[in-house]
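Heads up, the thing below is written out as structure tokens.
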Amino acid sequence: MAAGAIDRDLVYLDHAATTPMRPEAVAAMQPFLADVYANPSGSHRFAREARRAIDEARDAVAAVIGCKPGEVIFNGGGTEGDNTAIFGAVRRSRSAVAVCSAAEHHAVLHCVEHLAPRGEGEVVGVDTDGCVDTAALGERLRVLSGEGKTPVVSVMAVNNEVGSITPLDEVARLVRAAAPNAVLHTDAVQAACWLDLAPITACVDVLTLSSHKFGGPKGCGVMFQRTGVEIEPLILGGGQERDRRSGTQNVAGIVATATALVATAAERTTESLRIANLRSELVGGLLGLGGVRETVPAGRAVPGIAHVCIEGVENEALLFLLDEAGLCASAASACASGAMEPSHVLAAMGVPREVARGALRLSLGHTTTQRDVAAAVDIIGTAVARLRSHTRA
Amino acid sequence: MKVLVAMSGGVDSSVAAALMKREGHHVVGVTMRLWGGESDTGCCSVSDVDDARRVAQQLDIDHLVFNFSDDFQEKVVDPYVHAHATGVTPNPCIECNRSLKFSRLTERADALGFDAVVTGHHARLVRNANGDMRVHRGGDAAKDQSYVVHMLTGRELERTLFPVGHMTKAEVRALAAELGLRTASKPDSQDVCFIPTTGGRETFLGKRIPFHVGRVVDTEGHDVGHVDAVELVTIGQRRGIGLYKTEAKRFVVDVDTESRTVVVGTENDLQRTGLALHSMVWASGAAESGRFRVQCSAHGTSLPCTVEVVDADRVQVTLDAPHRRIAPGQSAVLYDESDAYVVAGGLVSAASAWPASVGATA
Numbered sequence: 001m002a003a004g005a006i007d008r009d010l011v012y013l014d015h016a017a018t019t020p021m022r023p024e025a026v027a028a029m030q031p032f033l034a035d036v037y038a039n040p041s042g043s044h045r046f047a048r049e050a051r052r053a054i055d056e057a058r059d060a061v062a063a064v065i066g067c068k069p070g071e072v073i074f075n076g077g078g079t080e081g082d083n084t085a086i087f088g089a090v091r092r093s094r095s096a097v098a099v100c101s102a103a104e105h106h107a108v109l110h111c112v113e114h115l116a117p118r119g120e121g122e123v124v125g126v127d128t129d130g131c132v133d134t135a136a137l138g139e140r141l142r143v144l145s146g147e148g149k150t151p152v153v154s155v156m157a158v159n160n161e162v163g164s165i166t167p168l169d170e171v172a173r174l175v176r177a178a179a180p181n182a183v184l185h186t187d188a189v190q191a192a193c194w195l196d197l198a199p200i201t202a203c204v205d206v207l208t209l210s211s212h213k214f215g216g217p218k219g220c221g222v223m224f225q226r227t228g229v230e231i232e233p234l235i236l237g238g239g240q241e242r243d244r245r246s247g248t249q250n251v252a253g254i255v256a257t258a259t260a261l262v263a264t265a266a267e268r269t270t271e272s273l274r275i276a277n278l279r280s281e282l283v284g285g286l287l288g289l290g291g292v293r294e295t296v297p298a299g300r301a302v303p304g305i306a307h308v309c310i311e312g313v314e315n316e317a318l319l320f321l322l323d324e325a326g327l328c329a330s331a332a333s334a335c336a337s338g339a340m341e342p343s344h345v346l347a348a349m350g351v352p353r354e355v356a357r358g359a360l361r362l363s364l365g366h367t368t369t370q371r372d373v374a375a376a377v378d379i380i381g382t383a384v385a386r387l388r389s390h391t392r393a
Numbered sequence: 394m395k396v397l398v399a400m401s402g403g404v405d406s407s408v409a410a411a412l413m414k415r416e417g418h419h420v421v422g423v424t425m426r427l428w429g430g431e432s433d434t435g436c437c438s439v440s441d442v443d444d445a446r447r448v449a450q451q452l453d454i455d456h457l458v459f460n461f462s463d464d465f466q467e468k469v470v471d472p473y474v475h476a477h478a479t480g481v482t483p484n485p486c487i488e489c490n491r492s493l494k495f496s497r498l499t500e501r502a503d504a505l506g507f508d509a510v511v512t513g514h515h516a517r518l519v520r521n522a523n524g525d526m527r528v529h530r531g532g533d534a535a536k537d538q539s540y541v542v543h544m545l546t547g548r549e550l551e552r553t554l555f556p557v558g559h560m561t562k563a564e565v566r567a568l569a570a571e572l573g574l575r576t577a578s579k580p581d582s583q584d585v586c587f588i589p590t591t592g593g594r595e596t597f598l599g600k601r602i603p604f605h606v607g608r609v610v611d612t613e614g615h616d617v618g619h620v621d622a623v624e625l626v627t628i629g630q631r632r633g634i635g636l637y638k639t640e641a642k643r644f645v646v647d648v649d650t651e652s653r654t655v656v657v658g659t660e661n662d663l664q665r666t667g668l669a670l671h672s673m674v675w676a677s678g679a680a681e682s683g684r685f686r687v688q689c690s691a692h693g694t695s696l697p698c699t700v701e702v703v704d705a706d707r708v709q710v711t712l713d714a715p716h717r718r719i720a721p722g723q724s725a726v727l728y729d730e731s732d733a734y735v736v737a738g739g740l741v742s743a744a745s746a747w748p749a750s751v752g753a754t755a
């Protein structure tokens, strides 16, 4: 009932949280919701029809991310992919130690922190952009390698809060040199819309994607697992996805995932340019308000994420005023109750807590227009002025 | 009016929100996340936030969560811990109202363009003949919460609403049931929200301050026992005071954390008529001596007394009849002689009387 009540005039700048499904993906999944309802594992002709859809989707995804179809696993999303990669790789070796950066998404960070008390997890720092501190990472890997440990390294391709791009080729060279036996995983969830995935895939062992971040449905994801890299499955059962992820496949979701990823990749170069221009207009407008600092500048961040810290406002209050004015944006991550938590990413980057209080993330995507950006600057300007006039002396 | 309703996920604030909506106001609900640590009392828990959100959905009002856990730690939890370390018994619920609900939240409500903050407290706001708003006791004598909101004055009172203040708890529950609110039969919250019921105060404080063994002496100064943690002893306490031999009814009549000494005595030794209060807040803004009633706990009865103003911050209270000594740090609230409304409030001092010289020099 509430769905129909959503105001279609909303200015939606929260694409990093989720981006609307691409119409072609919605269309592609329709036949598999009602008509082709067969279980793809079945042995009848009806099942074969569903099976074929999955096989074709797998080929399409493999082509985009630059791997063999057999290396593509369809699962339930980015968090599942991250958990599987880390726990699955750690369980395969008695001597494994998971290592990640302090600015990873919680889907990675909480896994590593969970392993830490047993001596199976370590967190290394980041630079002022939120990218892993390569010197510290190299040092830890050399030590672990020297102790006969097998590092399971997880470094995100693009930071979900501040948008910074990690030079993964550089990280991979360092990891291979410091610990040749290491497993290298990347959470590439925020990279899919903006970066060519093939070069990233080429330098890692495991990669995770989340469909709803690139115009596919929620609850669907993709994991690339390089042939020869051993990952213990988290979910056992009917042996689907070559025993790597059991459970009846979400046929409609998989088809939509592939359709969205293919469409995203086809438009990536032109879209990136268009969104980069909008981002620059947006950031320019915000800097014009005064007392605004861009957290990671264009060039080092993806076009889709503009993160700023605004002096003299508390983002919890700011988000209320933005919401009231019809602008959907976000700050840091929210906890289970919905309360805003201080950003672990900004803390890891060394941003003081008072500055981080004014953090605002505006994320752009395939439906973002110049009108959205102009409206956002207007709305934010009004809200910031109001809050600053109410700031306690 | 555009109003912000503080919704805890309990029945009173649920009904408060429903009443405001029924009166046609633009209502937004907010649940404050205050305590970031572990707790099993249910306060600030995800399920309480869920209840608040579901009630808001049912009423078709927006619901927000504000994270004030930093402020709560600084203004409520840290002072609570510090107080115990120095032998003072604080009232964290009052400090929470003072520093969070009616300060942090009202300031934010102001900044966000709300005309008033609404809570589910059982107290009534009534304008007197001079046109000034006063906090009156709630309609349900057994549930009256005027004591915990006594610090509201002047402008804050003009921007605060207690829609269930005139109702009895039974009426609130009946209305919640009639409206089909999921919180209709939810039990009242009890105890201090950040202190787990398992382990309690002792475990909570034990993780934060060092405990010290204390001597237990009688009123003549003779050693009669010892306690493991002088920081956990409260005036008036009868159990767990480590007496060497069982004596008939001994009470803690004094605690000195500095010398780590607990004084025990008979119920008679505990009786006082004097009560020295500091940090006074006056509803009218002006201190006044005279005949009042004083209440020293959330659900205690008020006692008739005479009040003498020492200075803007302090008063000397003399009870008409002796009463058990009140622990330092507790809030004492003065009501008018007819016991109808709040006149002032302050904190109980360690001494029963201000030194006579104080008034003269101040």
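Protein chains in written order, with our numbering: chain A, 1 to 393; chain B, 394 to 755.
Positions of the beta carbon are idealized from the N, C-alpha and C atoms, including for glycine.
Between residue i and chain B, is there a C-beta pair that is closer than 9 Å?
i                     : result
residue 46 (chain A)  : no
residue 338 (chain A) : yes
residue 3 (chain A)   : Since pLDDT at residue 3 (chain A) reaches only 47, below the 50 mark, its modelled position is unreliable, and the value read off the structure follows with that caveat. Not one chain B Cβ lies under 9 Å of residue 3 (chain A).
residue 380 (chain A) : no
residue 387 (chain A) : yes
residue 393 (chain A) : With a pLDDT of 43 at residue 393 (chain A), under the threshold of 50, the modelled position of this residue cannot be trusted, and the question is left open.
residue 113 (chain A) : no
residue 390 (chain A) : yes
residue 161 (chain A) : no
residue 122 (chain A) : no
residue 341 (chain A) : yes
Looking at the unbroken beta strand (DSSP E) that takes in residue i, where does it start and where does it end?
i                     : result
residue 715 (chain B) : 708–717
residue 49 (chain A)  : Here residue 49 (chain A) belongs to no beta strand (DSSP E); instead the alpha helix (DSSP H) covers 45–65.
residue 421 (chain B) : 419–426
residue 122 (chain A) : 121–124
residue 362 (chain A) : 359–363
residue 507 (chain B) : Here residue 507 (chain B) belongs to no beta strand (DSSP E), and DSSP marks it neither H nor E.
residue 540 (chain B) : Unbroken run through residue 540 (chain B): none, as it is neither H nor E.
Does any CB atom of chain A fall closer than 9 Å to the CB of residue i?
i                     : result
residue 462 (chain B) : yes
residue 620 (chain B) : no
residue 548 (chain B) : no
What do you reckon, are the CB atoms on residue i and residue j nearer than 9 Å?
i                     : j                     : result
residue 97 (chain A)  : residue 137 (chain A) : no
residue 720 (chain B) : residue 673 (chain B) : no
residue 249 (chain A) : residue 93 (chain A)  : no
residue 623 (chain B) : residue 604 (chain B) : yes
residue 160 (chain A) : residue 356 (chain A) : no
residue 131 (chain A) : residue 86 (chain A)  : no
residue 285 (chain A) : residue 313 (chain A) : no
residue 25 (chain A)  : residue 263 (chain A) : yes
residue 440 (chain B) : residue 403 (chain B) : no
For the alpha helix (DSSP H) holding residue i, just list the boundary residues, first then last.
i                     : result
residue 566 (chain B) : 562–571
residue 599 (chain B) : 593–599
residue 414 (chain B) : 404–415
residue 462 (chain B) : 462–465
residue 527 (chain B) : Careful: residue 527 (chain B) lies outside any alpha helix (DSSP H), inside the beta strand (DSSP E) at 526–530.
Whether or not the stretch 674–686 of chain B and the stretch 626–636 of chain B are in contact is what I'm after, with contact meaning three or more pairs of Cβ atoms, one per stretch, closer than 8 Å; do they touch? no
Touch check for the stretch 98–114 of chain A and the stretch 187–200 of chain A: three-plus C-beta pairs under 8 Å? yes
Positions along the stretch 492–517 of chain B whose CB lies within less than 9 Å of some CB in chain A: 500, 501, 503, 504, 505 and 506
Residues in the stretch 307–325 of chain A having any Cβ partner in chain B nearer than 7 Å: 316, 317, 320 and 321
Stretch pair the stretch 71–83 of chain A + the stretch 116–126 of chain A: three plus CB contacts closer than 8 Å: no
For the pair the stretch 482–494 of chain B and the stretch 516–536 of chain B, tell me if three or more CB-CB distances fall below 8 Å. no
To be precise: take each residue of the stretch 456–484 of chain B, compare its Cβ to all Cβ atoms of chain A, and keep it if any distance is under 7 Å. Which residues remain? 457, 458, 459 and 460
Identify each residue in the stretch 440–456 of chain B for which the Cβ-Cβ distance to at least one residue of chain A is less than 7 Å, and report them in chain order. 442
Below 9 Å between beta carbons is the criterion; list the residues of the stretch 553–577 of chain B that meet it against any residue of chain A, in chain order. none
Would you be able to state if there are at least three C-beta pairs under 8 Å between the stretch 284–298 of chain A and the stretch 306–322 of chain A? yes
Chain-ordered residues of the stretch 414–432 of chain B with a beta carbon less than 8 Å from chain A: 424 and 426
The stretch 588–598 of chain B touching the stretch 641–656 of chain B, judged by at least three CB pairs closer than 8 Å: no
Contact between the stretch 722–735 of chain B and the stretch 646–662 of chain B: three or more CB pairs below 8 Å? no
Touch check for the stretch 312–330 of chain A and the stretch 369–380 of chain A: three-plus C-beta pairs under 8 Å? yes
Flag this pair as touching only if the stretch 137–152 of chain A and the stretch 271–291 of chain A have three or more C-beta atom pairs under 8 Å; answer yes or no. no
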